[in-house]
Structure formats: C-alpha cells, structure tokens
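Visitor:
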Amino acid sequence: MANIPDNLGEQLVKVIADAIGRDPAELKPEVNFWNDLGVDSIKAIEIVVAIERNFKVSIRDEQIPQIATVGQAIDIVKKALEKK
Amino acid sequence: MKKRIVVTGLGVVSSIGIGKDAFWQSLIQGKSGISKVESFDTTGQFNHNGGEIKNFKPEQFLNRRKAKIMGRASQLAIAAAKLAIGDAAGIDINKAVTSICIGTTGGESQEIEKMDSAWVKGSHHNIDSWSVIQYPVNNITSNVGLELKTKGPNRTFTTACAAGNYAIGCGFDLLQEDKTEIVIAGGSDAFSYLAFTGFNQLGAVAPEKCQPFDKNRRGMIPGEGAGMVILETFESAQKRKAHIYAEILGYGLSCDAFHMTNPQVEGVAECMASALKDACLYQQEVDYICAHGTGTKFNDRAESTAIKKVFTERRVPVSSIKSMIGHTMGAASAIGLISCCLAVKNNIAPPTINYETPDPECDIDCIPNSSRKLNIDIALNNGFAFGGNNSCLVVSKLK
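Those sequence lines, one after another, are chains E and C.
Residue numbers for the first sequence follow my numbering, so the first one is 38 and each next one is one higher.
Residue numbers for the second sequence follow my numbering, so the first one is 1064 and each next one is one higher.
1. Among all the DSSP beta bridges, which residues are the ones paired with E/P66?
2. Taking E/E89 as the query, report the chain C residues whose CB atoms sit under 7 Å from its CB, ordered along the chain.
3. Which residue wins for smallest C-alpha separation from C/D1155, given the options C/I1116, C/L1209, C/E1244 and C/H1187?
4. By DSSP, does C/F1262 sit in helix, in strand, or in coil?
5. For chain B, check one thing: does any of its Cβ atoms lie closer than 8 Å to the Cβ of C/A1336?
6. To which residues of the same chain is C/S1299 closer than 7 Å at the C-beta, ignoring the five residues directly before and after it?
7. Would you call the segment 1381-1401 of chain C and the segment 1166-1173 of chain C touching, i.e. three or more CB-CB distances under 8 Å?
8. In the DSSP output, what is C/I1132 paired with across the bridge?
9. Between C/P1421, C/E1419 and C/I1068, which has its C-alpha nearest C/Q1239's C-alpha?
10. Would you report the Cα separation of C/D1319 and E/I84, rounded to the nearest angstrom?
11. Please identify, using Cβ separations under 8 Å, the residues of the segment 63-89 of chain E that lie next to chain C, in order along the chain.
12. So what's C/E1295 in DSSP terms, helix, strand or just coil?
13. Do the CB positions of C/A1029 and C/I1430 come within less than 8 Å of each other?
14. With a threshold of 8 Å between beta carbons, is C/Q1327 in contact with chain E?
15. Is it true that the CB of C/F1235 sits closer than 8 Å to the CB of C/Y1345?
16. Please report whether the beta-carbon of C/Q1346 lies at a distance below 8 Å from any beta-carbon of chain E.
17. If contacts are defined as beta-carbon pairs under 8 Å, then C/C1224 and C/A1448 qualify, I think. What distance do you get, rounded to the angstrom?
18. Write down the C-beta distance between C/L1437 and C/P1380 rounded to the nearest angstrom, noting that I regard them as a contact closer than 8 Å.
19. Which chain E residues sit within Cβ distance under 9 Å of C/L1339?
20. Given that a residue counts as buried once 16 or more other Cβ atoms are within 10 Å of its Cβ, and exposed if not, what is C/K1462?
21. Below 6 Å CB to CB, which residues in the same chain sit around C/L1312 once its five sequence neighbours on both sides are set aside?
22. Enumerated in chain order, which unbroken segments of the alpha helix (DSSP H) with a length of 4 residues or greater are wholly contained in the segment 1140-1216 of chain C?
23. Excluding the 5 residues preceding and the 5 following C/V1076 in the sequence, name in chain order all residues of the same chain whose CB lies nearer than 7 Å to its CB.
24. Quick check for students: name the residue ranges of the alpha helix (DSSP H) that lie wholly in the segment 1347-1386 of chain C, counting only runs of 4 or more.
25. Identify whether C/M1064 lies in helix, strand or coil by the three-state DSSP scheme.
26. Would you call the CB atoms of C/I1293 and C/I1148 closer than 8 Å?
27. Taking the runs of the alpha helix (DSSP H) that are 4 residues or longer, which of them lie wholly in the segment 1235-1280 of chain C?
28. If you measure between the beta carbons of C/I1508 and C/S1337, is that distance less than 8 Å?
29. Based on the DSSP output, what are the partners of C/C1318 in its beta bridges?
30. Identify each residue in the segment 1368-1389 of chain C for which the Cβ-Cβ distance to at least one residue of chain E is less than 7 Å, and report them in chain order.
31. Within its chain, find whatever has a CB closer than 7 Å to the CB of C/N1112; leave out the 5 residues flanking it on each side and keep chain order.
32. Go through its chain and collect everything with a Cβ distance to C/K1066's Cβ below 7 Å, but skip five positions before and after it.
33. Note down the Cα distance separating C/M1335 from C/Q1327, rounded to an integer number of angstroms.
34. Is C/E1333 close to chain E, meaning its C-beta is less than 8 Å from at least one C-beta of that chain?
35. Drop a sphere of 10 angstroms on the beta-carbon of C/F1321, count the other beta-carbons inside from all chains shown, and report buried for 16 or more, exposed for fewer.
36. Are at least three pairs of beta-carbons, each pair with one atom in the segment 106-118 of chain E and one in the segment 1124-1139 of chain C, less than 8 Å apart?
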C-alpha cells in the first residue's frame, strides 16, 4: 500500500484547481464538477491526467463519470493509493 | 504497469514514393501524388484525378503467379509488409509469434468490381472463381500471413478511414497483453472505381486538388496505398539492438453516434482527449498533429473545432498529408502513423500543400505549403471514419 499523505485532500484540490484554472478555495468537497464548475468531458479527462501524473495512480475510463464531486475524487484517489 | 511498445520498421507504398525514404523525401518536399486517373474511364464523373500508384510492380515483391491471383489491396499490403520487415533489420518474424493486424475500407474492391462487371455484361457464369475466392475482406490479412508464413493470430479491421489506426492500436494491445511477440500492423486499400464513383456521387470530391483547411476547399481526392509498421516491446527491440523510430504511448477511440458521414465535434474532441488520457499526457505536451484533414467542408471544420476544443493553451501545428497523397482510405491513418514516426525522428513536420486562402472556420496552424523544422517529441495521428468511428494514436520520440 502506498503512503497516503495526511493532506491528500489539500494536495488533490490544488492539482485539480491547477488543471481547470480555478482558486483551490472554490473546490469544496460537495462542489460538483459538471454542474457547479462547468467542467465538460474534455476537461474531465485533463483533470484525470493531472491526478494520475501527480499521484502515480491509474484511473480507468469507466471511473471518470463517478468523479462528479471533489469529495468523490478524493475517495477514488485514496482507494487507488490503498491498492498500490 | 504498461509495457513500452516501439516501432522498429516502416513500410509504405504510396503515390509519392514506394519505401519509407522515397515517401519521406517527397512528403517533406510537398510533392503531390495526384494525377489523371488511368486505371478506369472517368467520363461523366465530376473529378478525373486520383492518387494512383502508377509505378507499383507487384512482381517486385511477389512471385508473378501469386500476384496474378491476388487482389491489388493484398499486393500493396504484402509489399508494405515486406518493406517494413526489411527495414526492421534482423527481425525474425517466423521464429517469434507474429500477428498481423490490417485495416481496410473497401477490402479487395477491384475483385468485387470485376465480378459485378462480368455479371452485368454477361452473366454470373462469367464470374472468375478466383475473384470470388479473393474478394472477402479478411483475405488481405490472410494473404499477408500466407506470404510471410506467420502463424500468430491475425485481425482485420473494417472501420474505413480509421481502420489503420484501429489495427495498430490493436497491435499495441496484443503486445501489452503478451498475446504476441511481434506485430505487423497497418492498412491497405486499392484504387477503387466503387469508391471513386461513390464519393463523386456524394459530392465529396474536389475537381482538381485536395486543399485541406482552405476556405475554398471542394473535397477529397480518392487515392490508394498501404502502410505497415513493425511493433514490438522496447525490451525485445533492445535485445536485438534494433533501430527504433518511435514509441507508441497509447491511443483513443470513440464513436459519435451522430451521423453516417458528418463528423461530430464532441466525438472527435473526446477521441483526442481519450488518446491523451491513455498516454497520460497533458495537452501542452503535444507538438504536432497529423490530421485526418480530408479536404471536405465538414471534416476540416469539425476537426479544426475539435482541435481547438482540446488544445486550449496553444496552437499546435497540424498538417494533412492527404493534401499530397489523396485519401488512401484504410491505409490513410497507417501512412499517417508512419509520417508521425518519421516526424518525431527527424524533427520535421510535413506541410499541408495547396493552401491558398485561410478559413476562419479552420483557424488552426496547418503548416501551409512548406514543411517545418520543429522539435517534435509527441505527435498525434488522427483518423476519423464514416459512421463516426474516430481514432487517435499517440507517437513519442524515444526517450
């Protein structure tokens, strides 16, 4: 199992914020990528690439629709790190 | 963890050159392979030009008797495969498990045309039995396997203009999954009266020349050709000290589910984005795109819009080699992949020739008329087919 950083949420929010050009303070756990941030499918893929590169995890294509909120992104990355 | 898959041999048969060196020199010089059609009468057609390979002699690659009973698409595929194998010096395709993956649009279209002609002019009794045996589309792959005596699992892809990419993508997967040791993959299509007439009837053909992304573009120019590559793992290539052209990092596929002939921007954009995802790349890392760029109003507009949708941070240089060789159908994306391999190796992007007037609806950097020296670490190879079947391969300079 990979070392899960204590501030995983904070790190992930920063990575996602950089990927979509937003202020990390906007990315609360309940914020919805599609409805609240106007992320489309292309941007969603960019977010996933940023997550994969920064956290050295692999996120399958079919998992992408499950990452609707910032909180869900944190859960999926945590689970991916636990599997490593 | 993904295996590293590399390209160690290139074989191309095209209207601008047979063999990778002749092809590449013509490509970067912006030579056109379009000329007056000679293989059939074009009286009454809107267009009379095509990308025929007039100097192709099958007997240079095949025993004359075998060449006589085989369709032209198979002849082209075998020639390209043998060129690729020769280029991958030292490879032993018979010692290793070797698979063949080939994409095509029309299959052995000339055999179908012969049968139709015999039937219409006379009766079904006039149909040559060899045409019946040779016309099934899988025969191209079978004929390559028979000639090369390879016994690995073979696959044929019929996703039309994207079929070459599908075939190479499948080869990539087979190697990832340890299902084969060597892959000979690519695409082939012969110059076809059916396709020529069909595209003329659709109103999709330009009267004289293919002008991708130009404001006054009138359509595509039908062509023919074959492109085949040798794929193997990086470890395998290293072991035999092979010359490596490039690495395939991944690919993306999508289906628009929108329209039979008109591409959909979102589907095309998702395909390219999906390719970046598969290769784990940021958009900023792409240095060049070998476009599908058919020269039709619909494709070029949709592709330009899709490129701008995906690549928001900068204008990535894009070019269409169809401006030079016409639309080689199932071979198109395979020949495009070969162009990308040579582009990353040589740091030169081929041009889009015949470009005269910018189109605000195709507001991209299409490398007009002259090739361009630039650092190309990552190239994308696009192939978008009828039915909205989209493909995009990611090629990288070997690191």
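Beta carbons are placed, not taken as given, at the ideal position from N, Cα and C, and that holds for glycine.
Guide: In this structure, then:
1. Residue mapping note: residue 66 of chain E aligns to position 29 of the first sequence, counting from 1. None; E/P66 has no bridge partner.
2. Here residue 89 of chain E corresponds to residue number 52 of the first sequence, with the count starting at 1. Residues of chain C whose Cβ lies closer than 7 Å to the Cβ of E/E89 are, in chain order, C1343.
3. The residue given as residue 1155 of chain C occupies position 92 in the second sequence. Among C/I1116, C/L1209, C/E1244 and C/H1187, the Cα nearest to that of C/D1155 is on C/E1244.
4. As a working mapping, residue 1262 of chain C is identified with position 199 in the second sequence. The answer is helix: DSSP assigns C/F1262 an H, G or I state.
5. Among the chains of the structure shown, chain B does not appear; the protein chains present are E and C.
6. Taking the first residue of the second sequence as position 1, residue 1299 of chain C is located at position 236. Its chain contains E1244 as the residues whose beta carbon lies nearer than 7 Å to that of C/S1299, once the 5 sequence neighbours on both sides are disregarded; these appear in chain order.
7. With a cut-off of 8 Å, the segment 1166-1173 of chain C and the segment 1381-1401 of chain C count as touching, because enough Cβ pairs lie within range.
8. Here the question's residue 1132 of chain C lines up with position 69 in the second sequence. Bridge partners of C/I1132: none, in fact.
9. For the purposes of this step, residue 1239 of chain C is taken as the residue at position 176 of the second sequence. Measuring from the Cα of C/Q1239, the nearest candidate turns out to be C/I1068.
10. Working through the second sequence from its first residue, we reach residue 1319 of chain C at position 256. Working through the first sequence from its first residue, we reach residue 84 of chain E at position 47. Approximately 22 Å between the Cα atoms of the pair.
11. Those would be S78, I79, I82, E83, V85, V86, A87 and E89, in chain order.
12. Translated into the one-based positions of the second sequence, residue 1295 of chain C becomes position 232. DSSP, reduced to helix, strand and coil, places C/E1295 within a strand of the structure shown.
13. Since the displayed chain C opens at 1064 and closes at 1462, residue 1029 of chain C lies outside it and no answer follows.
14. Stepping through the second sequence from its first residue, residue 1327 of chain C is reached at position 264. Residue-level contact check: C/Q1327 does not touch chain E, since none of the beta carbons of chain E fall below 8 Å from its beta carbon.
15. Translated into positions along the second sequence, residue 1345 of chain C becomes position 282. Translated into positions along the second sequence, residue 1235 of chain C becomes position 172. Against a cut-off of 8 Å, the Cβ pair of C/F1235 and C/Y1345 comes out as no contact.
16. As a first step, residue 1346 of chain C is located in the second sequence; it is residue number 283 there, counting from the start. Yes, C/Q1346 counts as interfacial toward chain E.
17. Locating residue 1224 of chain C in the second sequence gives position 161, where the first residue counts as 1. Locating residue 1448 of chain C in the second sequence gives position 385, where the first residue counts as 1. Rounded, the Cβ-Cβ distance is 4 Å, consistent with contact.
18. Translated into the one-based positions of the second sequence, residue 1437 of chain C becomes position 374. Translated into the one-based positions of the second sequence, residue 1380 of chain C becomes position 317. About 7 Å separates the two Cβ atoms, so the contact holds.
19. Working through the second sequence from its first residue, we reach residue 1339 of chain C at position 276. Those within 9 Å of C/L1339 in chain E are I82, E83 and V86.
20. Numbered from its first residue, the second sequence carries residue 1462 of chain C at position 399. C/K1462 comes out exposed.
21. The residue given as residue 1312 of chain C occupies position 249 in the second sequence. Exclusion of the five residues before and after C/L1312 leaves A1342, V1457 and S1459 as the residues of its chain whose Cβ lies within less than 6 Å of its Cβ.
22. As far as the segment 1140-1216 of chain C is concerned, its whole alpha helix (DSSP H) runs of at least 4 residues are 1172-1184, 1192-1197 and 1202-1211.
23. Here residue 1076 of chain C refers to the residue found at position 13 of the second sequence. For C/V1076, where only same-chain residues beyond five positions count, the Cβ hits under 7 Å are I1116, F1119, L1139, A1142, A1143, G1288 and A1289.
24. Runs of the alpha helix (DSSP H) inside the segment 1347-1386 of chain C: 1360-1373.
25. Here residue 1064 of chain C refers to the residue found at position 1 of the second sequence. Coil.
26. Stepping through the second sequence from its first residue, residue 1293 of chain C is reached at position 230. Stepping through the second sequence from its first residue, residue 1148 of chain C is reached at position 85. Yes.
27. As far as the segment 1235-1280 of chain C is concerned, its whole alpha helix (DSSP H) runs of at least 4 residues are 1256-1265.
28. Outside the shown range of chain C (1064 to 1462) lies residue 1508 of chain C, about which nothing can therefore be said.
29. Counting from 1 along the second sequence, the entry for residue 1318 of chain C is found at position 255. Per the DSSP secondary-structure output, C/C1318 pairs in a beta bridge with C/N1452.
30. Across the segment 1368-1389 of chain C, CB contacts with chain E closer than 7 Å involve K1372 and V1373, in sequence order along the chain.
31. The residue you call residue 1112 of chain C lines up with position 49 of the second sequence. Excluding positions up to five away in sequence, the list reads I1097, S1098, K1099, V1100, E1271 and I1284.
32. Looking up residue 1066 of chain C in the second sequence gives position 3. Answer for C/K1066: L1238, Q1239 and T1296, listed in chain order.
33. Start at 1 with the first residue of the second sequence, and residue 1335 of chain C comes out as number 272. Start at 1 with the first residue of the second sequence, and residue 1327 of chain C comes out as number 264. In a straight line, the C-alpha of C/M1335 is about 13 Å away from that of C/Q1327.
34. In the second sequence, the residue the question calls residue 1333 of chain C occupies position 270. Yes, its Cβ sits closer than 8 Å to a Cβ of chain E.
35. If you number the second sequence from 1, residue 1321 of chain C lands on position 258. So C/F1321 counts as exposed.
36. Contact between the segment 106-118 of chain E and the segment 1124-1139 of chain C is absent, because fewer than three Cβ pairs lie under 8 Å.
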